[in-house]
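First up is the structure itself, then whatever we jot down about it.
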Amino acid sequence: MSNNERAKVIQRTAVRGVVLTPERRVLLMQLREPVSGFEIWQTPGGGLDAGEDAVAGLERELLEETGLSGVEIGSLMWTRDHAFEWNGRRVFQQEMYYLVETERFEPNGDSNPDAGEQAWFLGFGWWQAEEILTSDQTFSPRQLGHYLAQVIRHGPPATPVEIGI
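Per the UniProt record's numbering, residue 1 is the first one in the sequence shown, and the count goes up by one each step.
Have a look at this one:
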């Protein structure tokens, strides 16, 4: 990759699923950034394809990344604008987080067609909000535990909340 390609900022819109069980555990994926080795836990999801609407994109991402299909995509709860570096590239991403309530299942990312994403993937975990709040692990967004606890206590917000980094 040339220096010019590395300097270019990738702009994209992404959707993420806050996959929540009746026991109030959220499904997270652990990833390792390929250049720095930095490890992070985040909700399943990813960039929208050209012309794809948010719900269809999230359904596709959930199937590819976790094997989950046939679930109802709930309300848009959170939004954020996020700038970061991944694999030597600068990315500016607008994210939308949707509630997805389902029974606990055994996630399986074998349907993911992106070999790069498979290489970065470390594993799945079902987390409670309190575990996230007290963990020394890194989560994206950083205040995930706080916002998840609010949803568990009060239900999803009536209008989407901007959640920051």
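In this text, a Cβ means the ideal position worked out from N, Cα and C, and glycines have one as well.
For clarity, every value in this text was computed on a predicted model and none was experimentally measured.
| query | result |
| --- | --- |
| Minimum length 3: unbroken beta strand (DSSP E) runs contained in the region 4-35 | 9-20, 25-32 |
| For V71, three-class secondary structure by DSSP | coil |
| Beta-ladder partner(s) of A83, from DSSP | F92 |
| Short Cβ contact (9 Å threshold) for A48 with A54 | What sits at residue 48 in the sequence shown is Leu, not Ala. The answer is yes: Cβ separation under 9 Å. |
| Helix, strand or coil at L76 according to DSSP, with G and I counted as helix | strand |
| Local conformation of M1 per DSSP, three classes | At M1, the pLDDT of 46 sits below 50, so the modelled position is not reliable; the number obtained from the coordinates is stated separately. Looking at M1 - three-state DSSP - the assignment turns out to be coil, as it is neither helix nor strand. |
| Beta-carbon proximity list for M1, same chain, < 7 Å, skipping 5 on both sides | With a pLDDT of only 46 at M1, under the threshold of 50, the placement of this residue in the model should not be trusted; the figure read from the coordinates follows. G88. |
| Residue burial classification, F139 (beta-carbon count within 10 angstroms, cutoff 16) | buried |
| Extent of the continuous alpha helix (DSSP H) to which G57 belongs | 54-66 |
| Within 9 Å, strictly: CB atoms of P160 and W78 | yes |
| Reduced DSSP category for G145 - H, G, I as helix; E, B as strand; rest coil | helix |
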